[in-house]
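Residue numbers (this note's numbering): 31 to 686.
By construction, the Cβ of each residue, glycine as well, lies at the ideal position given by its N, Cα and C atoms.
Working notes, beginning with the structure itself.
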RNA sequence: GCCGUUGUAGCUCAGUGGUAGAGCAUUCGCUUCGUAAGCGAGUGGUCGGAGGUUCGAAUCCUCUCAACGGCACCA
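Put into structure tokens, the structure is as follows:
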């Protein structure tokens, strides 16, 4: 064991606190010493320190001068340390309860932590309760976390000796420059980079083990499968409760539950991964599709419709057969001795449309759109409600253009895209640029990739969009720009993409005649705004918790009678609403108004028009609006019938 | 595809070897009522599927399908 490393030649350290105050200390000095010198209260509250942006254990000698911040439970950085420590406490608990279990890694993640274990016997949900109990004991023991530095080969030998082969493997793969640090808590210890809290008592009890799941060692499906236990951990019980409450809210807005309750769609075993859209769900679909159709027409797109089935030769030429063939649906046609493929995307078909007739440079750009229905044989475990399915419809388009048009076309697309999201109520968008995948997983030369990535970077910069680069994440034929939107409860979804492709036009021999009367290759921009209709409708349902904006609501208005005296009047109101293009129904059942209100509110009908004897006599309607999320009761108003019709007709108009 | 869990009435769920249940929904009566569940009666299930053990299986075993939670994948 050695003391933590620090620069011994330096006799004193100059530390600048967040308030600008400078302090000088003789070495060695720990974060705790600094906190104590400021005040005993702070020393007690201190969990760690942040020196020049790096978090360091409270009891470790500070390695250098610089900006120092005392991390307390209130600090933004505290949660990450607490979560990581909770993972360690869990690992100790698991090894105490289940001897022979090997530990691997246990990082902090969003909202909590996990730890991956190697054990032959699976953990059950009942085990979680026992582990949690043991964790609380360990927290109560208040074991101090202490850091040690070990020699590499000794550490490897040690961990192999005690049967922790995963830990030994991790150490073996650490870069030579890396210190091998071990953290001890009581009798238990683990290889870990740190930092940690002063002791297990600081972890607190605001944690909960959530679920057990399989996870591959190092994230690779060729490796052994480990058992992962997920937990959530917070500063205090209040935060934990708030998080658990948020999970309940998320469950309430689950599109699978709402889709059934609102009679939007269903799925069944005979058509796994495909959606049966019911009248109400398909009404949402059409409203959304019409909206996109208006936008792309205004943006100069043409719309086409191409086949589902193609001879395999087309997909062999495009490269899809080799790279994605396993995930395609293939149809053997015995009589013809041919193999057909059900299209998994629309691009090869669009190139066929482009290739009809001779194109001049004057024709470009050609923006070819299709609400294209595609099939992909997704792995069984990948399916999720209507969000990840085997049959889906993309709001797809391919822009065929000249090299010099790429930037403008990209910019125009960004504008179209962001405008659509804004009108759909999504303002918080993040942008990513996915770069070339590995050498064996991509088509085309490095020069072509350099050019494609450069073009997209330029377009993003010209659009003034901030973006993050994701190496290795691009499509096999080109880099892509991804648009991620954030929903009402803070989750992000990747929806629109723009992919720049110099490869497919080459492979499928697309060309145009240039000014020089020579043949040239067009560039292809693959783009989608919503992504898939199915998935996007799922996102909309969850974002709005089923309470869709008026223009998307499948039934916009229910006329509910109080007694049968108002039946005739209700019929008249219904006719007028229909004539005004409003999706309305009349509820003249022999039920009390309370019953009707409850039922239609649960169905998330935006407006209930209550009509009784009074309204019938005065040609009025009593309108009850659906309560917004978090609102107890919606607004109510009484309007003259004609005024009410004008109002709902205006308000239900889709964005133009 | 991998690990784990689950599958009983339209929905939510109870039922651990001995005659398939509840609430809601649906149907039929009664009730005509002013802003989130009126009252009563009735209908409804070869217990996901196939095979096996047993005198007897929703319940135990094997295989299989699907859904769910993760992992991996996502052109």
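- Item | Any 3 or more C-beta pairs closer than 8 Å across the region 434-441 and the region 295-314 | no
- For residue 49, which three-state DSSP category applies? Your numbering for residue 49 matches position 19 in the first chain. DSSP places residue 49 in coil when its eight states are reduced to three.
- Task: Please name the residue in 635, 540 and 229 whose C-alpha comes closest to that of residue 74.
- Result: Locating residue 74 in the first chain gives position 44, where the first residue counts as 1. Closest by alpha carbon: 229.
- Counting pairs of Cβ atoms below 8 Å between the region 127-138 and the region 187-200, do you hit three or more? yes
- Task: Go through its chain and collect everything with a Cβ distance to residue 353's Cβ below 7 Å, but skip five positions before and after it.
- Result: What you label residue 353 is simply residue 323 of the first chain in a count that begins at 1. Only 506 meet the Cβ criterion.
- Message: Quick check: the Cα distance between residue 281 and residue 639, rounded to an integer number of angstroms?
- Response: As a first step, residue 281 must be located in the first chain, where it is residue number 251. As a first step, residue 639 must be located in the first chain, where it is residue number 609. One C-alpha to the other measures close to 30 Å.
- Helix, strand or coil at residue 457 according to DSSP, with G and I counted as helix: What you label residue 457 is simply residue 427 of the first chain in a count that begins at 1. In the structure shown, residue 457 sits in coil (DSSP, three-state: anything other than H, G, I, E or B).
- Beta-carbon separation (whole angstroms), residue 522 vs residue 514, contact threshold 8 Å: Mapped onto the first chain, residue 522 falls at position 492. Mapped onto the first chain, residue 514 falls at position 484. So it is a contact: roughly 5 Å between Cβ atoms.
- What three-state label does DSSP hand residue 673 in the structure shown? Residue numbering aside, residue 673 sits at position 643 when the first chain is read from its first letter. Residue 673: helix per DSSP, three-state reduction.
- Buried or exposed: which applies to residue 625, given that a residue is buried once 16 or more other Cβ atoms fall within 10 Å of its Cβ? Along the first chain, one-based indexing puts residue 625 at 595. Counting Cβ neighbours within 10 Å, residue 625 comes out exposed, since fewer than 16 surround it.
- With DSSP as the reference, label residue 574 as helix, strand or coil. In the first chain, the residue the question calls residue 574 occupies position 544. If DSSP states are grouped into helix, strand and coil, residue 574 belongs with coil.
- Query: Taking the C-alpha atoms as reference points, what is the distance between residue 673 and residue 456?
  - Reply: Residue numbering aside, residue 673 sits at position 643 when the first chain is read from its first letter. Residue numbering aside, residue 456 sits at position 426 when the first chain is read from its first letter. So the two alpha carbons sit approximately 31 Å from each other.
- Task: Provide the residue span of the alpha helix (DSSP H) that contains residue 200, from first to last.
- Result: Numbered from 1 along the first chain, position 170 holds the residue referred to as residue 200. Secondary structure note for residue 200: its alpha helix (DSSP H) is the uninterrupted segment 195-203.
- Query: Buried or exposed: where does residue 56 fall if 16 or more other Cβ atoms within 10 Å of its Cβ makes it buried?
  - Reply: Taking the first chain and counting its residues from 1, one reaches residue 56 at position 26. By the beta-carbon neighbour count (other beta carbons within 10 angstroms, threshold 16), residue 56 is exposed.
- State the beta-bridge partners of residue 139 as determined by DSSP. Here residue 139 refers to the residue found at position 109 when the first chain is read from its first residue. Residue pairing by DSSP puts residue 139 in a beta bridge opposite 142.
- Message: Taking the alpha helix (DSSP H) that residue 498 belongs to, which residues open and close that run?
- Response: What you label residue 498 is simply residue 468 of the first chain in a count that begins at 1. It is not in any alpha helix (DSSP H) - residue 498 instead sits in the beta strand (DSSP E) that spans 497-500.
- Enumerate in chain order the residues of its own chain whose CB-to-CB distance from residue 250 is below 7 Å, with the five nearest sequence positions on each side excluded. By one-based count along the first chain, residue 250 stands at place 220. Contacts found: none.
- Query: What is the rounded straight-line gap between the Cα of residue 121 and the Cα of residue 181?
  - Reply: Within the first chain, the letter at position 91 stands for residue 121. Within the first chain, the letter at position 151 stands for residue 181. Spanning the two alpha carbons is a distance of roughly 23 Å.
- To the nearest angstrom, how far is it from the Cα of residue 189 to the Cα of residue 240? Counting from one through the first chain, the residue named residue 189 turns up at place 159. Counting from one through the first chain, the residue named residue 240 turns up at place 210. Answer to the nearest angstrom: the Cα atoms are 29 Å apart.
- Task: With DSSP as the reference, label residue 246 as helix, strand or coil.
- Result: By one-based count along the first chain, residue 246 stands at place 216. DSSP places residue 246 in strand when its eight states are reduced to three.
- What is the DSSP secondary structure of residue 251, counted as helix, strand or coil? Position 221 of the first chain, counted from the first residue, corresponds to residue 251. In this structure, residue 251 counts as coil in the three-state DSSP scheme.
- Query: Quick one, which of 671, 389, 126 and 310 has its alpha-carbon nearest residue 584's?
  - Reply: Reading the first chain from its first residue, position 554 is the one you call residue 584. For the residues 671, 389, 126 and 310, the minimum Cα distance to residue 584 belongs to 310.
- With respect to 6 Å, is the separation between the Cβ of residue 87 and the closest non-hydrogen atom of the ligand HEM below this value? Ligands are entirely absent from the displayed structure, and the ligand HEM is therefore not among its contents.
- Task: Consult DSSP for residue 606 and reduce its assignment to one of helix, strand or coil.
- Result: Indexing the first chain from 1 puts residue 606 at position 576. Note: residue 606 maps to helix in three-state DSSP.
- From the DSSP output, which residues share a beta bridge with residue 508? Taking the first residue of the first chain as 1, we reach residue 508 at position 478. In DSSP, residue 508 forms a bridge with 505.
- Message: Is it buried or exposed, residue 165, if we count other Cβ atoms within 10 angstroms and call 16 or more buried?
- Response: Translated into the one-based positions of the first chain, residue 165 becomes position 135. That one is buried.
- Message: Rounded to whole angstroms, what is the Cα-Cα separation between residue 45 and residue 211?
- Response: On the first chain, position 15 is the one that residue 45 refers to. On the first chain, position 181 is the one that residue 211 refers to. If I take the Cα positions, the gap works out to 25 Å.
- Item | Same chain, Cβ closer than 8 Å to residue 461, five either side skipped, listed in chain order | As a working mapping, residue 461 is identified with position 431 in the first chain. Contacts found: 490, 495, 496, 497, 498, 511, 512, 513 and 514.
- Can you tell me where the alpha helix (DSSP H) with residue 220 in it begins and where it stops? Here residue 220 refers to the residue found at position 190 of the first chain. Per DSSP, residue 220 belongs to no alpha helix (DSSP H); it is in the beta strand (DSSP E), 218-221.
- Proximity to residue 607 [Cα-Cα], best of 537, 663, 551 and 682: As a first step, residue 607 must be located in the first chain, where it is residue number 577. Of 537, 663, 551 and 682, the residue nearest in Cα terms is 682.
- Three or more C-beta pairs closer than 8 Å, one from the region 559-572 and one from the region 416-428: is that the case here? yes
- Query: Between the C-alpha atoms of residue 400 and residue 232, what's the straight-line distance to the nearest angstrom?
  - Reply: Taking the first chain and counting its residues from 1, one reaches residue 400 at position 370. Taking the first chain and counting its residues from 1, one reaches residue 232 at position 202. Cα-Cα distance, rounded: 57 Å.
- For residue 87, the residue or residues it bridges with in DSSP: Here residue 87 refers to the residue found at position 57 of the first chain. DSSP lists 78 as partners of residue 87.
- Query: Out of 141, 642, 359 and 519, which has the shortest C-alpha to C-alpha gap to residue 265?
  - Reply: As a working mapping, residue 265 is identified with position 235 in the first chain. Measuring from the Cα of residue 265, the nearest candidate turns out to be 141.
- Query: Going by DSSP, which residues form a beta bridge with residue 55?
  - Reply: For this step, residue 55 is matched to residue 25 along the first chain. Per DSSP, the beta bridge partners of residue 55 are 43.
- residue 35 to residue 49, Cα distance in whole Å? Here residue 35 is taken as the residue at index 5 of the first chain, counted from 1. Here residue 49 is taken as the residue at index 19 of the first chain, counted from 1. The predicted position of residue 35 is uncertain, since its pLDDT is 45 and thus under 50; no value can be drawn from it.
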